[in-house]
Each structure stands twice: as structure tokens, then as C-alpha cells.
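Below is one structure, written out as C-alpha cells; the observations come after it.
There are 4 protein chains.
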Amino acid sequence: MRTLAVMTAGGDAPGMNPCIRAVVRTALNYEMKVLGVVGGFDGLIRGNFTPLGARDVGGILQRGGTILQTARSKTFLEPFAQQEALRQLNAAGVDALVVIGGGGSQRGALALHQRGVPVVGVPASIDNDIYGTDICIGVDTALNTIVDAIDKLRDTASSHNRAFLVETMGHESGYLALQAGIISGAELVLIPEIETSVEAVAQAIQDAYRRGKTHAIIVAAEGARPSVAQLASQIDEMEVGFTMRVTILGHIQRGGKPSAFDRLLASRLGTRAVELLREGRRGVMVGLSGREVVAVDLADVASRKRELPMEYYQMAITLAR
Amino acid sequence: MRTLAVMTAGGDAPGMNPCIRAVVRTALNYEMKVLGVVGGFDGLIRGNFTPLGARDVGGILQRGGTILQTARSKTFLEPFAQQEALRQLNAAGVDALVVIGGGGSQRGALALHQRGVPVVGVPASIDNDIYGTDICIGVDTALNTIVDAIDKLRDTASSHNRAFLVETMGHESGYLALQAGIISGAELVLIPEIETSVEAVAQAIQDAYRRGKTHAIIVAAEGARPSVAQLASQIDEMEVGFTMRVTILGHIQRGGKPSAFDRLLASRLGTRAVELLREGRRGVMVGLSGREVVAVDLADVASRKRELPMEYYQMAITLAR
Amino acid sequence: MRTLAVMTAGGDAPGMNPCIRAVVRTALNYEMKVLGVVGGFDGLIRGNFTPLGARDVGGILQRGGTILQTARSKTFLEPFAQQEALRQLNAAGVDALVVIGGGGSQRGALALHQRGVPVVGVPASIDNDIYGTDICIGVDTALNTIVDAIDKLRDTASSHNRAFLVETMGHESGYLALQAGIISGAELVLIPEIETSVEAVAQAIQDAYRRGKTHAIIVAAEGARPSVAQLASQIDEMEVGFTMRVTILGHIQRGGKPSAFDRLLASRLGTRAVELLREGRRGVMVGLSGREVVAVDLADVASRKRELPMEYYQMAITLAR
Amino acid sequence: MRTLAVMTAGGDAPGMNPCIRAVVRTALNYEMKVLGVVGGFDGLIRGNFTPLGARDVGGILQRGGTILQTARSKTFLEPFAQQEALRQLNAAGVDALVVIGGGGSQRGALALHQRGVPVVGVPASIDNDIYGTDICIGVDTALNTIVDAIDKLRDTASSHNRAFLVETMGHESGYLALQAGIISGAELVLIPEIETSVEAVAQAIQDAYRRGKTHAIIVAAEGARPSVAQLASQIDEMEVGFTMRVTILGHIQRGGKPSAFDRLLASRLGTRAVELLREGRRGVMVGLSGREVVAVDLADVASRKRELPMEYYQMAITLAR
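Residue numbers (our numbering), protein chains in the order written: chain G, 13 to 333; chain Z, 13 to 333; chain F, 13 to 333; chain H, 13 to 333.
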């Protein structure tokens with residue numbers, strides 16, 4: 013194996029840069045040449061490669077985003093596009109590829125594997141919705157960003173006797189919202205996996221008021237129903253004790269300096285991805301399982317769903333009392 | 013002067029707590045007794061006082077919000093409410109009052125002064141819209157919060173070739189947005205004081221794209237027209253190079269640990285407020301003028317408007333190139 | 013089980029407060045009464061108890077340190093002191109005890125267990141040197157603090173072409189230093205578990221210089237030999253390219269807002285400790301094993317040693333190139 | 013004026029990068045060509061120039077240190093070195109020079125001015141010891157770093173009933189220490205400008221203990237006497253209530269993302285420096301005076317000393333009670 017390519021794809025996640033750095037330096041240590049693919053799968057189709065040396069990945073450990081840029085590619089679902097990617101990889105003399113990205117990107121990696129490209133995936137997604145790893149690169153940083161934001165909201169909530177509805181990312185997965193709810197002391201967490209009624213939310217807010225709290229925090233994933241907008245307008249009519257405010261955290265959750273945890277996770281997964289390719293493994297994704305870094309078949313990653321640990325849901329409620 | 017009361021009123025601002033601490037400890041140093049009014053002007057009307065000793069304000073330097081709570085009071089505009097406040101202050105044996113708050117709160121302070129209460133105001137408002145002081149308590153912390161958020165947005169914007177419309181607080185004043193725009197490297201700043209067209213915004217984004225930037229940031233005050241929602245929907249139809257995203261920063265701008273600057277400003281203003289009352293001054297607000305802490309008549313504060321320094325507007329555009 | 017006591021002991025660690033909160037609220041949820049022991053084992057000997065309700069642990073999720081205070085007790089090693097503690101627990105009607113602390117504190121918990129007190133331990137120590145858990149409460153926050161500090165040092169190091177020797181905590185364990193070294197991009201890590209020569213350190217710095225780096229970072233645990241002071245004075249005489257500076261991070265590593273990870277870990281472990289006591293388990297410590305919270309015999313915790321994962325040592329070197 | 017050079021010199025300060033950006037983009041706006049001098053005055057002597065375009069200073073607003081690197085040059089005090097610098101500037105076709113740096117660098121700028129180079133200085137120094145400006149670039153960020161560190165120390169101090177001696181930068185000026193002391197709630201501040209006795213420090217710590225505080229913080233500038241090491245060893249023998257710990261903050265004070273305040277100050281001063289040169293002014297330093305940016309003769313800057321405002325000293329003591 014002489015030439016390795018590395019790319020980031022899908023939505024960006026903090027920690028992609030330390031992962032790129034780990035891939036590059038580990039490969040250089042094995043005396044490979046490394047090419048970066050610029051701009052995700054679309055960049056791959058266009059053959060947008062750039063050589064990466066040790067100094068090119070210096071100083072990126074602490075930078076959010078991805079120096080290789082990324083994009084959600086619709087084109088790449090088409091066979092002709094995958095064919096074109098294959099041609100570009102061959103033309104550039106690439107012997108193996110590391111794909112850092114979310115669930116969709118792992119499916120893209122699988123498609124390339126099935127066309128014969130030696131590929132290993134690395135899971136990066138703040139939603140933590142990928143099968144085969146305890147946690148994805150980016151989740152820990154996103155949680156810290158959310159918690160910092162809610163800590164700030166609590167300052168102003170307490171000063172004004174207010175209840176805040178805080179929307180986190182998570183269209184289909186409530187992972188971020190649930191963890192954030194526990195660690196920011198939310199009264200209740202709303203997630204796509206569990207439907208809640210307006211009344212239950214109103215009740216939780218009123219309970220907090222009656223317990224003598226000076227504020228209430230409700231954390232809701234983007235995909236939860238009812239939505240924060242619906243909740244806010246309906247609860248404002250009821251007598252819950254607090255006045256209501258809505259905050260949608262938005263894209264700040266994707267940015268920021270990678271946390272210590274994400275830097276380490278990204279370094280470990282990136283290192284292992286290169287080692288696996290050297291050992292002749294392909295068509296797998298690296299993942300964290302307990303303390304170990306493991307390899308999971310991309311076919312399993314693509315077809316199975318990560319379950320949300322539901323014991324956290326009860327813990328959120330108990331600890332909010 | 014034996015008994016001093018201190019209160020926070022209006023919207024909360026980071027730095028109110030260090031200011032309360034400075035008022036309390038300076039007064040104790042002069043052997044006064046200190047009462048805190050809980051809950052702003054509404055609390056004053058209800059006679060909601062709590063004694064404050066040196067230990068009660070220990071450990072609050074670094075806490076956002078206000079331990080005395082606050083509220084925007086509509087009632088207090090009514091003469092009977094002001095009369096009631098006067099009665100409560102007398103009943104509690106209060107000799108003088110410090111009111112920490114925004115423009116509305118300074119008008120409340122003036123009303124009490126006109127009814128004979130020895131009162132000094134302290135300006136605290138993240139909008140920086142109060143006449144008589146270079147800067148209000150809370151502005152610096154809010155700017156740091158905004159800048160941190162935009163730094164995070166830039167990480168993800170750069171990774172995806174996106175343009176972000178970022179809405180800051182500021183219904184009537186563009187101060188926060190304008191400063192934030194300069195220091196976060198925004199392409200353009202939209203403020204209530206200057207009308208802009210959708211086309212001008214689209215042009216600024218397109219210019220950034222043509223200059224080879226990997227992202228564009230537009231910072232808009234809440235009260236700017238057109239609004240970020242209008243802009244986003246209309247610009248998305250045009251060909252500006254970047255895809256568009258909107259982020260409304262919301263109430264996180266009010267919270268958070270007070271910055272070094274705000275702690276010092278709050279300490280200086282709070283200390284001086286007590287000294288002025290001891291020197292027999294009343295009906296004034298303390299303010300920062302250059303390096304000095306000055307006293308301004310509350311009547312002037314209530315009737316005059318703070319102008320936005322417009323040279324910043326050009327600087328924002330020049331530095332964005 | 014009607015009355016539960018909870019205490020913190022040994023050196024403090026960020027996350028002790030969220031853990032106290034979880035213990036208290038979980039116990040209240042089971043309708044127990046909760047007493048806090050103030051001041052660690054010394055406080056226990058003096059019978060220094062304080063009742064803890066749900067509101068007493070409100071707002072402490074985001075606070076560093078421990079509201080119950082802590083101390084390293086030498087007295088508690090004596091049988092008479094343990095006897096006295098037992099008497100105080102009985103006098104206060106305590107049915108079970110949760111001890112949050114480091115290795116020494118878990119040995120204290122074992123001593124009480126051996127005297128018949130139903131006790132469960134929770135591991136909290138920034139050194140991560142406790143057998144029976146993948147990670148202790150406080151480690152993640154400490155790592156983030158270290159990484160933030162080194163990121164700052166790198167700014168100034170790069171601007172001046174300097175090499176920094178950075179000393180982290182860790183008298184006997186190199187865990188913090190090793191992880192911090194990997195995630196902050198250190199050239200070399202010095203830990204008590206592996207002896208290094210002055211020459212090897214000088215070589216690593218010189219290599220960084222020759223590779224064209226603008227700075228070099230060496231991270232050393234407190235207990236590593238040679239010490240940073242020895243290194244600095246000797247290397248300054250050699251020709252390594254960079255000028256040398258030393259920074260001893262010191263006690264800032266113990267403080268600060270608990271990180272998202274530590275808040276969640278503390279919440280999970282605190283919750284489980286109470287559940288285990290209710291289930292009749294005693295003489296155990298809760299720990300994290302992969303994704304699961306497990307119970308380990310305190311006798312094992314007290315007698316066995318946690319091994320440092322040495323594969324990280326090579327990773328640190330590879331990724332620094 | 014066709015070609016402008018910009019350089020950083022002396023110790024680095026956070027905010028130098030935003031200042032470089034402002035100089036470059038303002039100059040480009042006036043259609044000048046801009047050269048960066050790499051490596052301070054030593055780089056100037058070697059003719060180490062690099063062209064700077066608008067994109068070269070993109071993304072540096074939020075970066076600590078200086079992309080142009082810097083150094084303390086002893087050589088530059090020699091006439092031959094200044095002569096050589098002049099030659100290099102002429103050879104590169106430089107029409108005017110902006111020097112960003114501390115007091116020594118402003119003296120270097122004056123030397124060039126006296127040799128006929130059109131030069132404007134910009135004050136950047138975390139010590140805030142430069143005559144002619146209310147505040148230097150870097151001070152605000154350094155204060156925030158110090159305050160964050162002391163907030164962390166207080167967490168652990170409170171948990172253990174400890175007193176901390178915290179050493180900040182400041183060999184000859186107590187500015188940083190004094191401000192930091194006020195805003196971090198220190199019991200006492202030790203500065204080079206005022207001698208203190210060991211007994212007075214011990215007394216301040218004991219007073220804090222007697223008032224019922226759970227910790228005490230003493231902030232000392234590097235140049236204060238007695239030193240923190242002397243204090244720690246002597247006070248430990250006395251009975252002051254708390255046990256003692258020392259923390260030397262060191263070089264982290266120089267690094268870190270520039271704060272909002274420093275970014276704005278740097279942008280304003282950098283912009284104005286270019287404008288002044290265009291207006292034909294030379295031999296001056298830009299400075300902040302109240303709300304205004306002013307120009308001060310470099311001869312005055314070089315010969316006069318900035319006084320520390322001593323009213324802060326009493327404020328620190330009053331607010332610590």
C-alpha cells in the first residue's frame with residue numbers, strides 16, 4: 013500500500029481535523045504518500061485531490077470544521093457517480109481510502125467498497141446515530157457547546173423566573189437532547205423516539221415552579237413532537253407559573269474547538285483506520301466499543317440502527333426533581 | 013445615611029452580580045446596613061427586602077444573571093405604584109437606593125428621585141443604548157458570547173461553503189451587531205439605524221464568494237430591516253455562490269460569567285454609586301466617560317438618546333474585504 | 013433504608029457536585045432522607061452532618077469543587093477514628109453511606125464497610141489511578157483544562173520559536189500527562205512509569221525544529237524523572253534550535269466547571285450508587301466499564317493497581333511527527 | 013504611498029493578529045501593496061519580507077500570537093543594525109512601516125523614525141506599561157485568562173479551606189495583578205509599586221479566615237516583593253487558618269483567542285495607523301484615550317512612564333471584605 017487518500021463527507025463534526033491529522037501522520041509513519049480529497053464525495057467525483065504532508069496537518073488539532081471541506085452529496089447515490097469516483101481514485105494512484113463522516117457517508121464508503129476500493133470508514137456525526145460505535149467523533153464537543161449555552165440560559169432564566177424551551181440538533185435521533193437534558197438539569201427532555209403531549213410539558217414546568225425552582229428548562233430535539241414552536245404558543249396560554257422563551261441553538265452545535273475527548277477519540281480512530289488497511293482489512297468502519305477500538309462491517313453499519321439507551325430517559329426525570 | 017437598598021431592574025445583564033457585590037461591600041465599609049430588593053420594581057412595590065451581608069455576596073463575582081432577580085415592570089409606570097414603592101422604602105427605613113438596570117429602569121429611578129427618594133442609577137444593559145455612559149455593564153460579556161458563537165459558526169460555514177445570517181439582540185439599537193460584525197469578520201452588518209436592501213446583502217455575499225472566501229457571515233440586529241428571515245428566503249433564490257443558513261443567537265447573549273471588563277466596570281460603578289450617595293448627590297446615574305467614572309443627571313439620561321458611532325460602520329466593510 | 017449520608021473525601025475533582033446532586037435526588041426519589049457529611053472523613057469523625065433537600069443541590073451541576081468540602085485525613089487511618097465515625101453515623105441514624113473520592117478515600121470506605129457500615133464508593137480523582145473503573149470523575153474536565161492551557165502556550169510558543177516544558181499533575185500516574193500529550197500535539201510525553209533521559213528530550217525538541225515546526229511542546233507528569241526543572245536547566249545549554257520555557261499548570265487542573273462528560277459520568281455513578289445500596293449491595297465501588305456501570309469490590313479496589321494503557325505512548329510519538 | 017510594511021516585535025500579545033489584519037486590509041483598501049516583516053526587528057535586519065494579501069489575513073481574527081512571529085531583539089539597539097534595517101526597507105521599496113509591539117518596540121520604531129523611516133507604532137503588551145494609551149492590545153485577553161484561572165483555583169480552594177498565592181506577569185508594572193485582584197475577589201494584591209510585609213499578607217489571609225470565608229486569594233505580580241515563594245514558606249509557619257498553595261500562571265497569560273475587546277481595539281488602532289501614515293503623520297504611536305483613538309509622539313512614548321491608577325488599590329481591599 014503506497015498511496016492513501018482521506019476525505020471528510022456529510023455534515024461536519026468537531027474532531028474531523030484531529031482525525032485527518034492522525035490518518036496523515038500514521039500513514040506517513042508507514043512511509044505512505046497521502047492525498048486529501050477536497051469537498052467530500054462531490055470532490056472525489058471531480059478528482060479534487062491535494063497532497064498532505066506532516067506540516068499540512070500541523071496546528072489543526074484545535075480547529076473545528078474540516079480543512080478538507082465537506083458536503084452532502086446527492087449525486088453520489090447514482091452508480092455513474094460512483095463509477096467516476098473509482099476512475100478518479102485509480103487515476104490518482106490511490107491504493108486505499110479513509111472516509112470520515114456520518115451514516116450517509118458510511119453508506120457511500122460501502123458503495124465504493126463494493127466496487128472494489130479498499131476503504132475504511134470513521135464515524136463522525138454530532139447526532140451519534142451510527143450503528144457500530146458507542147460514540148461518534150463530534151458528539152462530546154457538541155454536548156459541551158449545548159451545556160455551555162444552557163448554563164447561560166439558566167442565568168437569565170433564574171433572574172427572570174422564566175421557562176426556556178431549548179431546541180438541539182437531532183432530526184431523527186434524540187441522543188444529543190437526552191444527554192444534554194440530564195447534564196444541564198432539564199425538567200424534561202423531548203425526543204423523536206418518544207411522543208409527549210403539550211399537557212405533560214406544561215405539567216413538568218408547573219411542577220418545577222411549585223417545587224420552588226426559579227426557572228425551568230425543557231430540552232427538545234429538532235425532530236421531537238410537538239415542536240418547540242407549538243409548545244411555546246400553547247403553553248403560554250396556560251397557567252404554569254413561569255413565562256416562556258424559546259431558543260434554537262442551531263449551527264453553533266457543529267462548530268468549536270474539539271474537546272479533549274473528541275481529540276483523543278479522533279486520534280485513536282484515525283490511527284486505527286490506517287492500521288486496519290495495512291493489515292488488509294477493508295469494507296469496515298472503526299468504532300469505539302467500551303475501551304477498545306473495533307472494526308465493524310460497513311454492511312452492518314449501513315443496515316442496522318443504533319438504539320437510544322432508554323434508561324437515560326428516566327434518569328433525566330429523576331434528577332430534575 | 014444608615015440604610016442603603018440596592019436593586020436590579022429590567023432585562024438582566026451579566027455583571028449585575030459583581031455590581032451588587034461592590035455596592036454591598038462599599039456600603040458595609042462605611043458601616044451602613046444594606047437591604048436587597050428582590051424582583052425589581054415589582055418587588056419594591058411589594059416590599060420584598062432581604063438583608064445583605066458581606067458573605068451573602070461572596071462567590072457571585074463570577075455568576076451571570078442577578079441574585080436579586082429582576083423583571084420588566086409595567087405597573088411601575090403608574091403613580092400609585094411609585095407611591096407604594098415610596099411607602100415601602102420608608103417602612104423599611106431605607107435612606108438611599110441604588111438602581112442597577114437599563115434605560116427603563118433609569119426612568120424608574122428618576123420617578124423615585126422626583127418623589128424624594130435619594131437614588132443613584134447604574135447602567136446595565138447589553139444593548140448599550142443608555143445616554144450618559146460610554147458603555148453599560150453587560151455589553152462586553154455579550155460581545156464575547158456573540159463572538160464565540162460566530163467563531164463556531166465560521167468553522168462549520170467554512171467546511172461547507174455556506175453563508176450565515178446571524179441575528180443578535182438589539183430591537184432599536186445596532187450597537188451589539190455593529191461591534192460584533194467588526195470583531196467577527198462579518199461581510200456586512202445590518203442595523204435598525206441604517207436600512208439595507210436585499211440586493212445589497214446578496215451582493216456582499218457574492219463579493220465574498222468571488223474573493224475566494226470559503227464562507228460569508230452577515231450579522232444583523234433583531235430590529236434591522238429586512239429581517240434575517242426575509243433575507244434568507246429571498247437570497248436563497250438568487251445565485252450568490254454560497255448556500256444560506258440562519259442562526260438566531262437569542263437569550264444566550266444575556267447569560268454567562270461576566271467578563272473581566274464587566275467585572276471591573278461593575279465594581280467601579282457600584283463603588284462610585286455608594287460614594288456619590290454619601291457625598292449627598294442624588295438623582296444621577298454613574299457612567300464611564302473615557303477612563304473616568306462620572307455622574308450624569310437622571311433627567312438627561314431619561315430624555316436623551318445615545319448615538320451609535322457611525323465610523324464603525326465603514327470600518328466593518330473595509331475590514332471584511 | 014431510610015437515611016442516607018453522602019460525603020466527598022481526598023483531593024477534590026470537578027464533577028463531585030453533580031455526583032452529590034445525583035445521590036441526593038435519587039435518594040429523595042426513593043423517599044429517603046439525606047444527610048451531607050461536611051469536610052470529608054475528618055468531618056465524619058466530628059459528626060458534621062447537614063440535611064440535604066432537592067433545592068440544596070439545585071444549581072450545583074455547573075460548579076467545580078464540592079459543596080460538602082473535602083480534606084485528606086491522616087487521622088482516619090487510625091482505628092479509634094474509624095470507631096468514632098461509626099458512632100457518629102449511628103448517632104445520626106444513618107443507614108447507608110456514599111463516599112465520593114479517590115483511591116485513599118475508597119480505602120477509607122472499605123474500613124467503614126469492614127466495621128459494618130453499608131457503604132458504596134464512587135471514584136473521583138483527576139489522576140485516573142483507581143482500579144475498577146475505566147475513568148474517574150474529574151479526569152475529562154482536567155484534560156480539557158490542560159488542553160486549553162497548552163493551546164494558549166502554543167500560540168505564544170509559535171510566535172517566538174520556543175519549546176515549552178509543561179508539567180501536569182500526576183505524582184505516581186502518567187495518565188493525565190499521556191492523554192494530554194496526545195491531544196495537544198506534544199513532541200514527547202514524560203511519565204513516572206517510563207524513565208527518559210535528558211538527551212532523549214533534547215533530541216525530540218531538536219527533531220521538531222528540524223522538521224520545520226515553529227514550536228515544540230513536551231508534556232511531563234509531576235512525578236516524571238528527570239523533572240522539568242532539571243530538563244530546562246540542562247537542555248538550555250544544548251543546541252536544540254528553540255529557546256526553552258517551563259510552565260507548571262498546578263491547581264487550575266482541579267477546578268473549573270465540570271465538562272459534559274464528567275456531569276454525565278457523575279450523574280450515572282451517583283444514581284447507581286444509591287440503587288446498589290437499595291438492592292442490598294455494600295462494600296463495593298461503582299465504576300464505568302465500557303458503556304456499563306458496574307460494581308467492584310472495595311477490597312479489590314484497595315489492593316489492585318490500575319495499569320496505564322501503553323499503546324498510547326507510541327501513539328503520542330507517531331502523531332507528533 | 014505605495015508600499016506599506018507591517019511587523020510585530022517584542023513579547024507577543026493576543027490581538028496582534030487582528031491588528032495585522034486591520035493594517036493589511038485598510039492598506040489594500042487604499043490600493044497599497046503590503047509586506048509583512050517576519051520575525052520582529054531581527055527579521056527586518058535580515059530583510060525577511062513576505063507579501064500579504066487580503067486572504068493571507070483571513071481567519072486570523074480569532075488566533076492568538078502573531079502570524080508574523082516576533083522576538084526581543086538585542087541587536088537592534090546597535091546603530092549598525094538600524095542602518096541595516098533602513099537598507100532592507102529601501103531595497104524592498106517600502107514607503108512606510110507599522111510597528112506593533114510593547115515599550116521596547118516603540119523605542120525601536122522611534123529609532124527608525126529618527127533615521128527617516130515614515131513609521132507609526134501600535135501599542136501591544138499584556139503589561140499595559142506603555143505611556144500614551146489607556147490600554148494596550150492584549151491586556152483584556154490576559155485579564156480574562158487570569159480571571160478564568162483564578163475562578164478555577166477558587167473552586168478547589170473553597171473545597172479544601174486553602175489560601176492561594178497566585179503570581180501573574182508584571183516584572184515592573186502591577187497593572188495586570190491589580191486589576192485581576194479586584195475582579196477575581198482577591199484578599200490582597202501585591203505589586204512592584206508598593207512594598208508589603210509578610211505580616212500584612214498573613215494578616216489579610218487570617219482576616220479572611222475569621223470573616224468566615226472558605227478560602228483566600230492573594231494575587232501578586234512577578235516583580236512584587238516579597239515574592240510568592242518567600243511568602244509561602246514564611247506564612248506556612250504562622251497560624252493563618254488556611255493551608256497555603258502557590259500557583260504561577262506563567263505563559264498561558266500571553267496566549268489564547270483575542271477577546272472581543274482586544275479584537276476591536278486592535279482593529280481600530282491598526283486601521284488608524286494606516287490612515288495616519290496616509291495623512292502624512294509619522295513618528296507617532298496610536299493610542300486609546302477615552303473613546304478616541306489619538307496619536308502620541310514616539311519621543312514621548314519612549315521617555316515617559318505610565319502611572320498606575322492607585323485608587324484601584326484601595327478598591328481591591330474594600331471589595332474583598
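The beta carbon of each residue, even a glycine, is placed where N, CA and C say it ideally should be. Just so we're clear, the structure is a prediction, and the values are computed from it rather than from any experiment.
Among the options, nearest to residue i - alpha-carbon criterion
i, options, result
"residue 314 of chain G", "G:231, G:116 and G:130", "G:116"
"residue 24 of chain F", "F:40, F:98, F:94 and F:113", "F:113"
"residue 146 of chain H", "Z:316, Z:324, Z:318 and Z:302", "Z:302"
"residue 195 of chain F", "G:167, G:278 and G:193", "G:278"
"residue 130 of chain G", "G:318, G:79 and G:286", "G:286"
"residue 193 of chain G", "G:22, G:14, G:327 and G:53", "G:327"
"residue 150 of chain H", "H:45, H:104 and H:31", "H:31"
"residue 21 of chain Z", "Z:47, Z:61, Z:35 and Z:137", "Z:137"
"residue 173 of chain G", "Z:257, Z:212 and Z:83", "Z:83"
Element boundaries [beta strand (DSSP E), containing residue i]
i, result
"residue 256 of chain G", "255-260"
"residue 47 of chain Z", "45-49"
"residue 385 of chain Z", "What is shown of chain Z runs 13 to 333, which leaves residue 385 of chain Z out entirely."
Contact set between residue i and chain H, taken where Cβ atoms lie within less than 9 Å
i, result
"residue 260 of chain F", "259, 260 and 262"
Burial state of residue i (16 or more Cβ within 10 Å)
i, result
"residue 176 of chain F", "buried"
"residue 322 of chain Z", "exposed"
"residue 312 of chain Z", "exposed"
"residue 186 of chain Z", "buried"
"residue 92 of chain Z", "exposed"
"residue 105 of chain H", "exposed"
"residue 179 of chain F", "buried"
"residue 26 of chain G", "buried"
"residue 241 of chain H", "exposed"
"residue 86 of chain F", "exposed"
Near the ligand COA: residue i beta-carbon under 7 Å from a heavy atom
i, result
"residue 168 of chain G", "With respect to the ligand COA, the structure shown offers nothing to examine, as it has no ligands at all."
Interface residues of chain H facing residue i [CB-CB closer than 8 Å]
i, result
"residue 195 of chain Z", "30, 73, 272, 275, 276 and 279"
"residue 239 of chain F", "In chain order: nothing, as chain H lies at least about 15 Å away."
Neighbour list for residue i in chain F, Cβ cutoff strictly below 9 Å
i, result
"residue 102 of chain H", "Ordered by position in chain F, no residue passes the 9 Å Cβ test against residue 102 of chain H, which lies about 27 Å from the chain."
Neighbouring residues, chain F, relative to residue i (Cβ below 7 Å)
i, result
"residue 67 of chain G", "224"
Boundaries (first-last residue) of the alpha helix (DSSP H) holding residue i
i, result
"residue 287 of chain G", "272-290"
"residue 152 of chain H", "151-172"
"residue 304 of chain G", "No alpha helix (DSSP H) holds residue 304 of chain G; the beta strand (DSSP E) holding it covers 304-309."
"residue 53 of chain Z", "52-57"
"residue 38 of chain Z", "28-41"
"residue 92 of chain G", "91-103"
Under 7 Å by beta carbon: chain H residues contacting residue i
i, result
"residue 161 of chain F", "264"
Under 9 Å from the C-beta of residue i: neighbouring residues of chain G
i, result
"residue 154 of chain Z", "Those within 9 Å of residue 154 of chain Z in chain G number zero; the least Cβ separation is about 10 Å."
"residue 86 of chain Z", "Neighbours of residue 86 of chain Z on chain G: none; closest Cβ ~13 Å, over 9 Å."
Interface residues of chain Z facing residue i [CB-CB closer than 8 Å]
i, result
"residue 34 of chain H", "331"
Amino acids of chain Z, ordered along the chain, whose beta-carbon sits closer than 9 Å to that of residue i
i, result
"residue 54 of chain H", "Simply none; closest approach about 29 Å."
Distance between beta carbons of residue j and residue i, contact taken as under 8 Å
i, j, result
"residue 235 of chain Z", "residue 182 of chain Z", "6 Å"
"residue 13 of chain G", "residue 107 of chain G", "5 Å"
8 Å Cβ cut-off: residues of chain F touching residue i
i, result
"residue 41 of chain G", "330 and 333"
"residue 150 of chain G", "What residue 150 of chain G touches in chain F: nothing, since even the nearest Cβ is about 12 Å away."
7 Å Cβ cut-off: residues of chain G touching residue i
i, result
"residue 218 of chain F", "The contacting residues do not exist; residue 218 of chain F stays about 16 Å from chain G at best."
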